Structures are given as C-alpha cells and as structure tokens.
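Residue numbers (the numbering used here): -4 to 476. For reference, the structure is listed below as structure tokens.
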Ligand code: GLN
C-alpha cells in the first residue's frame, strides 16, 4: 500500500523497486476522488498523469542512474500558472474556455526534472483573497474542519497537500497567498525572494509583488522544488542572476550555527493577534534561546502602514494588469448586441469579473486617477521605500526575522466576508515580505485549542533562502522533540 512522507523517501522507494510512479499517481487519484467535496481541484488530469507515470517507470527501469530530481513527483498547479495545452481560468469566468499555448517557466523546469502534473487547483479569482471564498467555481473547504476556510488565495493548492491529494503544489504569493493557507492547513508554505523564480506564465495580479511559491509537507520538499524552479530566465527580466543554491543538500549543513534573530515588538504586541498564538511564539523563542540562538525584540514603527500600502499598490497594479481582459483582446465577451463600445467593455467586464476583482480594479483605478495619484499611489511608493530601507537596516544586524504568519487560525466561512477591512487586516504579517521583496516561509508548528493548526513565519534577507531553509529545518526538529 502506497504512502507518502517525503520526496527523498519516495525516490528511494522507487529506486529500490518498492513502489512505482503509477502506483503513486493512482493513490493520489483515489484520494482526489474520495475528497471531491473539498473542491480543491478544478480539473484533474487522471489519464494523462497515469500515462506519464508509466513512461517514467519504464525510463527508470531502463536507466535508473539518470532520473530527474523530481522523477515521478506528483504535483498540482494553482489555476494561475499555465500548462501548455491545458485550460486555465484564474478561477474566473472571464477566462472560461482559455487554453494555454505555452508552459510557464516553472512548469517547464518541473517537467524537465520528471514531475507529473496531476491537475489544476482552485483559488480566489485572480489570486485576490484570503479565504478562497472569491472563486467563480465555489469555495474550497479546509480538510481539518469543513466549516472553516482553507485560506487564500491558493486555497486549493494548500488543501491538496493537506489532504494528501498530491505531494507538493505550486501556488502564487503576492501578499501571503502561499504562507497564509499553509498556516491554516498545517503545512509548509514557501515564498521565495522577489526575482528568485520566473513569473513567465504566471497570471499577473500585482507584478512587483507576485512570486510563485511552494506548498509541501516538509522543508526539504519545498527546498527541492525551489531548487528546480528558481533561477535566471530569458523570458522574465525581473529574475535575478544571483546563483541558485543547492537548497536541499545545504539544509543539514551548518547545523551548529547559532542565529541572531529579530522579532518585531509591535507585531507580537499587536491587539489583533490571537492570545494563544502570541504565547506559542513566545514559548518557541524561549526554546530557541535555550538552544543558543540570540533573539531580540526590535521596534518596528511602520507595522500599521503596511496593509494600506499593500492594498493601494497592488490594486493599482491589478487595475492595469487586468485591463487586457476587455472582451476584445482577451476574456469573456458579452452576448449583448447593439451596444456602443464603452457599454460593450462595461458589460463584458461586469459579466466576467466577480465582485472582489471588480472592487479592486475600481480601487486601483481610483488611486491612479489624476486627482489622487500623489495622495495615494506616490505616497504608498514612498512608504514602500521606507520599509525597504528599514528592513535592510534590520538585516545588517540580524540573520533572520520571525513573526506570526496570521493573526488567528482559520476562520469560518462567511465570518469575514461582510467586512473587507477586517479581511484585509488579517494579512498584516504576510504582506510585509512582498512589499520589501524578501523570502519568507510558514512552518506548521502549532495547534490551537480550537483544533486548528497555525504556523510560525521565518523571514530572511533577499536571496538568503539557504539560511532561511537551514534554520526552518532546525525549528521543525525542535518541534519534533
Ligand atoms: N490576501 C492577499 C490579497 O488578497 C494576498 C493575495 C495573494 O497573495 N495573492 O491580496
């Protein structure tokens, strides 16, 4: 009987003939079919995945010494990452029927290393949301408690890993969409530095924030996928030429290193933070100190500015990015006849986009409009620069930063949808990394008294994924003790 715990073990089992890729794919397909109520997948590529598994099994038998790093690894893709000859909708009616004509660079690299794509995963429409309640194709349920949200926007990708429907998933993280659902589902969620992974083939939400991220059961699996997808790409000039580390093999190196870690006082003392989360993080700090790490509370006075800054800048970028879905160049076209051009655009876009997306396009157009540009957009850009400067300053004295991932564990459906400000404010701890570009990871360390999991967020300086993953692995070991 197949079971999955880590990619490393799976590859070992394959090479020792203890399992096959076909058996793995069949196992996940069975799990998917018995977990349909979770609504994690928008489409499952069953026959295709089995076929590829059979080919990989044959290749491995013929040539066991030259298998790819992700040979037979069963992976799911958030429905914003394109996969050639497969549909993609960004969980929106606007893109219904669209079929990708090329592969995202990340997908191309996964396939080149032998990965098997099992399906595309539900999410908030155009990756806008924190609860997966904004999908045009229905909400995704948290597998731990079906009355609660899985988080968003990459809810389907998180639940697919949580519920054992694939080994790892790719999501996208513009303001926390990988880390927050990972926290709500009790798994690892990794957002790389801005410019670490190519955005070619990722549907744009806010281009100066977006990064492809990874969900996995453990730090090493996420590190391995990162190693494969990261690095320069001629199709995306924002990707850094900073060399890609050997993230996996480096995880266990430097094992005696003691870290100097900062923790924002204002983050842990924020009134919005759940009391149990606060206590748990303080307990972890004590444990880490007793292991010889140095952890200091530092003042960070900008915390309350980060959510407004994030929502001004991302909606501005979104209003521009989504202008292409006008019913002419791309996207849903109204069937209404005899309307003039501007009514045609309005009709097509109002029919195609859901409420949250419409709201953000309007907000973004407002902050970019002539009369308000300086008061909102320019000001927010200045705050972003200040945040970057302050962050650089902190990392000149500390190796890493720790924070909660989210203010509270997974909430119930409908609980926050009436109050967008409350929903947006719950992103306070995750949007920071995207505003300044740094890498961050959510580690599934804790369980709340309400039964739900929650995580610890570890953040590192730009392109210091290596150190972040090494430390994260240590923290997970402490948890296991
Ligand atoms: N919850 C945030 C938002 O709604 C983050 C989304 C994301 O990272 N894609 O914008």
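Each residue gets a CB set at the ideal place from its N, CA and C atoms; glycine is no exception. Values in this document were obtained by computation on a predicted structure and should not be read as measured data.
Next on the checklist: Buried or exposed, going by whether 16 or more other CB atoms sit within 10 Å of the CB of residue 446?
Outcome noted: exposed
Checklist entry - Which first and last residues belong to the alpha helix (DSSP H) in which residue 264 is found? => result No alpha helix (DSSP H) holds residue 264; DSSP gives it neither H nor E.
Checklist entry - Which stretch, first to last residue, makes up the beta strand (DSSP E) that contains residue 399? => result According to the DSSP assignment, residue 399 belongs to the beta strand (DSSP E) that extends over 395 to 399.
Checklist entry - Sorted by chain position, which residues of the same chain lie with C-beta nearer than 6 angstroms to residue 454's C-beta, five sequence neighbours on each side aside? => result 396, 428, 433 and 435
Next on the checklist: On a Cα-Cα basis, can you pick out the residue from 277, 356, 237 and 243 that is closest to residue 450?
Outcome noted: 277
Checklist entry - From this set, 176, 203, 322 and 355, which residue's C-alpha is nearest residue 401's C-alpha? => result 176
Next on the checklist: For residue 439, count the other beta carbons within 10 Å of its own beta carbon; 16 or more makes it buried, fewer makes it exposed. Which is it?
Outcome noted: buried
Checklist entry - Does the beta carbon of residue 61 sit closer than 8 angstroms to a beta carbon anywhere in chain B? => result Protein chain content of the structure displayed is limited to a single chain, and chain B is not contained in it.
Item to check | Any non-hydrogen atom of ligand 1 within 7 angstroms of residue 455 CB | outcome: no
Checklist entry - Exposed or buried, what is residue 117 when buried is set at 16 or more other beta-carbons lying within 10 Å of its beta-carbon? => result So residue 117 counts as buried.
Checklist entry - So what does DSSP say about residue 174, is it helix, strand or coil? => result helix
Next on the checklist: Under 8 angstroms: do the region 55 to 68 and the region 7 to 18 share three or more Cβ pairs, one atom per stretch?
Outcome noted: yes
Checklist entry - Is it a yes or a no for the region 249 to 269 touching the region 290 to 298, going by three-plus beta-carbon pairs under 8 angstroms? => result yes
Checklist entry - Is it buried or exposed for residue 212, if we count other Cβ within 10 angstroms and need 16 for buried? => result buried
Checklist entry - Just to check, is the beta-carbon of residue 150 closer than 7 angstroms to a non-hydrogen atom of ligand 1? => result no
Checklist entry - Between which two residues does the alpha helix (DSSP H) carrying residue 140 extend? => result Looking at the DSSP string, residue 140 is not in any alpha helix (DSSP H), and its letter there is neither H nor E.
Next on the checklist: Please state the DSSP three-state secondary structure of residue 418.
Outcome noted: helix
Checklist entry - Does ligand 1 have even one heavy atom less than 7 angstroms from the beta-carbon of residue 188? => result no
Checklist entry - Where does residue 2 fall in DSSP's three states? => result helix
Checklist entry - Using 8 angstroms as the Cβ pair cut-off and three pairs as the minimum, do the region 176 to 194 and the region 142 to 156 touch? => result yes
Next on the checklist: By DSSP's criteria, residue 39 is part of a beta bridge. Which residues make up the other side?
Outcome noted: When beta bridges are read from the DSSP output, residue 39 appears opposite 114.
Next on the checklist: Looking at the secondary structure, which residues open and close the alpha helix (DSSP H) in which residue 307 lies?
Outcome noted: 298 to 316
Checklist entry - So residue 185 and residue 150 are in contact, right, with Cβ under 8 angstroms, and what is the actual spacing, rounded? => result Wrong, their Cβ atoms sit about 17 angstroms apart, outside the cutoff.
Checklist entry - Closest by CA to residue 169, which one among 302, 33, 399 and 267? => result Minimum Cα distance to residue 169 is reached at 302.
Checklist entry - Does ligand 1 have even one heavy atom less than 7 angstroms from the beta-carbon of residue 349? => result no
Item to check | With 16 other Cβ atoms within 10 Å as the buried cut-off, status of residue 76 | outcome: buried
Next on the checklist: Can you tell me whether residue 16 is helix, strand or coil according to DSSP?
Outcome noted: helix
Checklist entry - residue 111 and residue 7: beta carbons closer than 8 angstroms? => result no
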